[in-house]
Amino acid sequence: LGRTLIFTMLFLAGALLFTGCSLPWQHNTTAVANGTKPTAQQLLTALQKNFRGVSAFHVVMKVDNPGSVTAQQVQIRSANGDVVMPDKVKGQATVILSGQSVTVNLISVGGNQFITDPITGQWRVIKGLLDPRTLTNPDTGILSLINKAQNVSQPSDDTVNGVPCWRVTGQLNARYLAFVTGGGVPAGSMLQMSTCIGKADSLPYQLKVTGQAAAGDTAKTTRTFLLSNYNENVNIAAPKI
87 LGRTLIFTML FLAGALLFTG CSLPWQHNTT AVANGTKPTA QQLLTALQKN
137 FRGVSAFHVV MKVDNPGSVT AQQVQIRSAN GDVVMPDKVK GQATVILSGQ
187 SVTVNLISVG GNQFITDPIT GQWRVIKGLL DPRTLTNPDT GILSLINKAQ
237 NVSQPSDDTV NGVPCWRVTG QLNARYLAFV TGGGVPAGSM LQMSTCIGKA
287 DSLPYQLKVT GQAAAGDTAK TTRTFLLSNY NENVNIAAPK I
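Counting from 1, position 135 in the sequence shown corresponds to residue 221 in my numbering; the numbering is continuous, with no gaps.
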């Protein structure tokens, strides 16, 4: 596996986290705004509407029960970072590369992407790999995946990191995530999805996806995304090369 391909896989993994992070589902606002228990459709409509007003957020991602990794695979284990809408990302990811755990830094500003070499730690320019806007766009990115969700539940009460939220669950065909995970799972594989949407602001605070979303995953592999610090002032700039 060439170093260029390794960098490509690392950057795509990071992009998944930091925008894949801006997930969840679609919604309406009346019941949500007046404090009564909303229907799933009302909640998801409100989420989609309110997420359009988000200027920035922080995300933390971790993987539980990861599967096996071949020497040719890059497996992400954890990541955290900031996203400034619509096209800036800065974060750090821990990945398994050639059987070793390495940490890389990632920055994307507009159409320019940068990643640190896992061996030297020096910044490298990566061209033409990914435009963050393809993931953060609420109409075409990760947020739109809810349109393909099946068996969506009605909301239930929950709390994430002290934030009261509505919990909604559903199922998603793993093939819809292949554009960010790389696919490689059996056709028809279904993922269990769960998200918690803030009662006060109708924004996502947690998203969990369980199942085989990428090669090497098991039925128990769980990716958890925690979102916070909405609309804080965050500055992201390209690194000096």
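Yeah, the Cβ is synthetic: ideal placement off N, Cα and C, and Gly gets one too.
Through-space distance from residue j to residue i, alpha-carbon basis
i: G100; j: D243; result: Residue placement at G100 is flagged as unreliable, the pLDDT there being 47, under the threshold of 50; a coordinate-derived value is accordingly withheld.
i: T255; j: T245; result: 15 angstroms
i: A165; j: A264; result: 19 angstroms
i: G185; j: V155; result: 7 angstroms
i: Q127; j: L277; result: 20 angstroms
i: P325; j: T222; result: 22 angstroms
i: K174; j: Q292; result: 21 angstroms
i: T206; j: S194; result: 20 angstroms
i: K294; j: S280; result: 5 angstroms
i: S108; j: V181; result: Because the pLDDT of S108 is 33, which lies under 50, any placement of that residue in the model is unreliable, and the question is left without a value.
i: K45; j: I283; result: The shown model of the chain, from 87 to 327, leaves out residue 45, and the question about it has no answer.
i: H144; j: F200; result: 19 angstroms
i: V238; j: T202; result: 40 angstroms
i: P172; j: S187; result: 31 angstroms
Residue burial classification, residue i (beta-carbon count within 10 angstroms, cutoff 16)
i: Q112; result: Its pLDDT being 34, under 50, Q112 is placed unreliably in this model, and the value from its coordinates should be taken loosely. The residue in question, Q112, is buried, as its Cβ has 16 or more Cβ neighbours within 10 Å.
i: K176; result: buried
i: T308; result: buried
i: C251; result: buried
i: L208; result: Checking the sequence, you will find Gln at residue 208 rather than Leu. Exposed is the call here.
i: A305; result: exposed
i: I327; result: exposed
i: T131; result: buried
i: P124; result: buried
i: Q236; result: exposed
i: P272; result: exposed
i: N136; result: buried
i: V169; result: buried
Given residue i as reference, the closest of the options once Cα atoms are compared
i: G196; options: K326, I322 and I327; result: I322
i: G139; options: V181, A260, S288 and R261; result: S288
i: K285; options: R210, T296 and G248; result: G248
i: N317; options: K174, A142, F311 and Y262; result: A142
i: G302; options: I283, K326 and G270; result: G270
i: Q134; options: G167, P224 and L192; result: P224
i: F311; options: M147, L129, N136 and K123; result: M147
i: Q161; options: G297, Y291, V169 and P152; result: P152
i: T189; options: N315, R163 and T281; result: R163
i: A299; options: S275, Q236 and N319; result: S275
i: R253; options: A260, Y262 and Q240; result: Q240
i: Q158; options: D168, Q178, N259 and G268; result: G268
i: D150; options: G297, N319 and L129; result: G297
i: P290; options: P272, S314 and K234; result: S314
i: A179; options: P172, M171 and P204; result: P204
Whole-number beta carbon distance between residue j and residue i, since they are thought to touch under 8 angstroms
i: L258; j: L231; result: 6 angstroms
| task | Tell me the start and end of each unbroken beta strand (DSSP E) in the segment 119-186 that is at least 3 residues and wholly inside, in chain order. | result | 142-150, 160-170 and 174-183
Please specify which runs of the alpha helix (DSSP H), each continuous and at least 4 residues long, are wholly inside the segment 219-284, giving them in chain order. 219-222 and 264-267
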